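See below for the structure under consideration.
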Amino acid sequence: AGGIYQWKTSTMFGDTRWPVENCLFERNRAEDPGGGGAIYTSRYGARVSDSVFRENSAGLIGTEEMVARSVVSAVFGSEFSGTSFCSPYADAIGDDHVLPVSNLDGAFNCLSNDCTDSDGDLRPDQCDQCDGPDVDADESGWADCHESIDESGRRVLTVAAGTRIEHAIGAAIEGDVIQLEAGDYYLPQGESLVTTGKEILIRGTRGEDGAWLSRIHSHDASAIVHSGTAAELELEDLAFTGVVDDVSGTDTPVALYVYRGRVFVRDCLFDECLAPTQDGAAVQNIGVNTSELTLFYDCTFRDCVGLYAGGIYQWKTSTMFGDTRWPVENCLFERNRAEHPDGGGAIYTSRYGARVIDSVFSENEVETGAGLAGISVASSVYSTEFSGTHFCSSFSATDLSGHTTGGSIDGGGLCFTTDCSDIDQDGIPDGCDDHLCTSDLNGDGLVDGSDLAALLDAWGPCVDDDCQADLDGNGLVDARDLTYVLAEWGLCDEGTP
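Note that this note's numbering gives residue 1590 to position 494 of the sequence shown, counting from 1, and the numbers run on in steps of one.
Quick look at the structure:
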């Protein structure tokens, strides 16, 4: 040890730990790669609280043996609370600072491979929640400055933009809400947020215009893993994106992997989830019992690519009670693709069907080997039921069999079109839009001064693909678009366009 070496000749009473309180260990090193750069303790552990370990290491400098290890506890483990570890020698997730890894979750500890500390409070920016020093006076496992109680009485743990979400998950208890601030959250390559055993809500931040502002990025691992647990997880107002391109097997979706669990997903965006060798690109659910499901409400899946489904892959190992269908309600699936000819561009479900209500499938496709087909949903063993749902694809016929395979039930209120244009950008293809009003730029069912103001604000050449005020589609907001607004002034007419 470069710092403290404690040794007891007897193993009796080894669970009596010696204290290390409010200490700083910085740039210490143990020559032996089995040592701890700061502390080595044998036959009794340490109780470390409110301390900081920065850039400690073990092993010879410049060799492959060199690791970020700060503390080694032999025979009996040490206990840590309110303590930060950082080292450029750490792995991406930073869990190699302590040997063995124990008693680190839920005790307001910080593990990082980046020692950047912008405010000088000795807590790495990756973990720093407060403008000043992070304080956990109530010993709840989270910084007091970002801990509150909402109107329903639930404890809310707010996570600062760009910091490590897993520390909040470790501190959360049943019924807690983890609230992500607006910003980007990058998970280390190959690492997931594990929520097994956590009956909590993880919620993002939305903009006034409805945009998803809390974005979770993952690479070669599912962003969230929820497995083997009776605890029900809730996800809300989150955006997921990422790539899986260097993983063996076919069960690593970009966003969410559920095995024998139950997850409620509400108002989430799955954007450019690219995992062409994985069964489902965005979400995979593997269940045994009928209750082991992932349920979707008001979600958007766009531009995702997977093996059997670009969006959702649900599989049940047993065929018992397969007529119990899982819900997909008021969701939008656009431009998703399955690489396998037996897949569905948006959804693949086997051994239990889905119940799809008031949703939209637009330009989803399957690679058949002989070209593309406009199949959005593939069902195996049990049928999927559709009601109030719109389908559009330039590849498919205008009936349910042209957009789905494996058995489908027409629950009524379906619409099919080969024209996927959506001039009012309400998510419903124009060919199915019963309330099309071209000039209603804010979607409130009325063309008035607010729509005129939006058009004038966008006046001139379009600067990006989202140029809603370009009503005639010529790449320019000009007098011709103004005539559309004036012609449709007032309450939008109902009826087929």
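Virtual Cβ for every residue (Gly too), placed ideally from N, Cα, C.
Treat the numbers as computed from the prediction; the structure is a model and nothing was measured.
- For the pair of segments examined, the region 1531 to 1542 was found not to touch the region 1474 to 1490: the number of CB pairs separated by less than 8 Å stays below three.
- Annotation: G1178 to L1391 spans about 37 Å, alpha carbon to alpha carbon.
- Between P1372 and E1435, the CB-CB gap stays under 8 Å.
- T1112 and E1332 have their alpha carbons spaced roughly 44 Å apart.
- If you draw a 10 Å sphere on the C-beta of I1269, you find fewer than 16 other C-beta atoms in it, and that means exposed.
- Per DSSP, E1287 is not a residue of any alpha helix (DSSP H), being assigned neither H nor E.
- A buried status is given to D1232, since no fewer than 16 other beta-carbon atoms sit within 10 Å of its beta-carbon.
- For Y1282, no alpha helix (DSSP H) segment is defined; the enclosing uninterrupted segment is the beta strand (DSSP E) at 1279 to 1282.
- Taking the C-beta atoms as reference points, S1180 is found nearer than 8 Å to V1148.
- Excluding its 5 nearest sequence neighbours in each direction, E1127 has C-beta neighbours in its own chain below 7 Å: L1156, listed in chain order.
- Annotation: the continuous alpha helix (DSSP H) that includes L1578 extends over 1575 to 1583.
- When the beta-carbon positions are compared, F1336 and A1319 come within less than 8 Å of each other.
- DSSP places I1471 in the coil class of the three-state scheme, outside both helix and strand.
- I1265 sits in a helix when the DSSP states are folded into three classes.
- From the listed residues G1402, G1300, S1387, F1397, the smallest Cα separation to G1345 is found for G1402.
- Taking a C-beta distance under 8 Å as the contact criterion, E1122 and R1150 qualify as a contact pair.
- The alpha-carbon of A1327 is positioned some 11 Å away from that of L1297.
- Taking every protein chain shown into account, the CB of V1354 has 16 or more other CB atoms within 10 angstroms, so this residue is buried.
- Contact between the region 1485 to 1492 and the region 1546 to 1557 is absent: fewer than 3 CB-CB pairs across the two stretches fall below 8 Å.
- Fewer than three beta-carbon pairs drawn from the region 1217 to 1224 and the region 1281 to 1295 are found closer than 8 Å, and the two stretches are therefore not classed as touching.
- When the Cα atoms are used, W1411 and T1501 turn out to be separated by approximately 16 Å.
- Counting of Cβ neighbours within 10 angstroms places L1587 among the exposed residues, the total staying below 16.
- In the structure shown, D1367 falls within a strand segment according to DSSP collapsed to helix, strand and coil.
- A residue is called buried when at least 16 other Cβ atoms come within 10 angstroms of its Cβ; V1163 meets this threshold and is buried.
- Taking 8 Å as the cut-off, the beta carbon of G1407 is found no closer than this to the beta carbon of V1452.
- Closest in C-alpha terms to C1400, from the list F1176, A1256, T1212, S1472, comes S1472.
- Of the residues R1251, E1243, P1284, E1247, the one whose Cα lies closest to the Cα of E1262 is P1284.
- If you look at S1517, you'll find it isn't in any alpha helix (DSSP H); DSSP assigns it neither H nor E.
- Spatial neighbours of D1146 in its own chain (CB-CB distance under 8 Å, excluding positions within 5 residues in sequence) are listed in chain order as E1117, N1118, S1177, G1178, T1179.
- Taking the C-beta atoms as reference points, T1464 is found nearer than 8 Å to P1437.
- With fewer than 16 other beta carbons inside 10 angstroms of its own, D1506 counts as exposed.
- Here D1246 is exposed: its Cβ has fewer than 16 other Cβ atoms, across all protein chains shown, within 10 Å.
- For the pair P1196 and E1425, the Cα-to-Cα distance works out to about 46 Å.
- Counting the other CB atoms within 10 Å of its CB gives Y1282 a total below 16, which places it among the exposed residues.
- Under the three-state reduction of DSSP output, C1588 falls in the coil class, being neither helix nor strand.
- Annotated as proximal: D1394 and D1363, with beta-carbon spacing under 8 Å.
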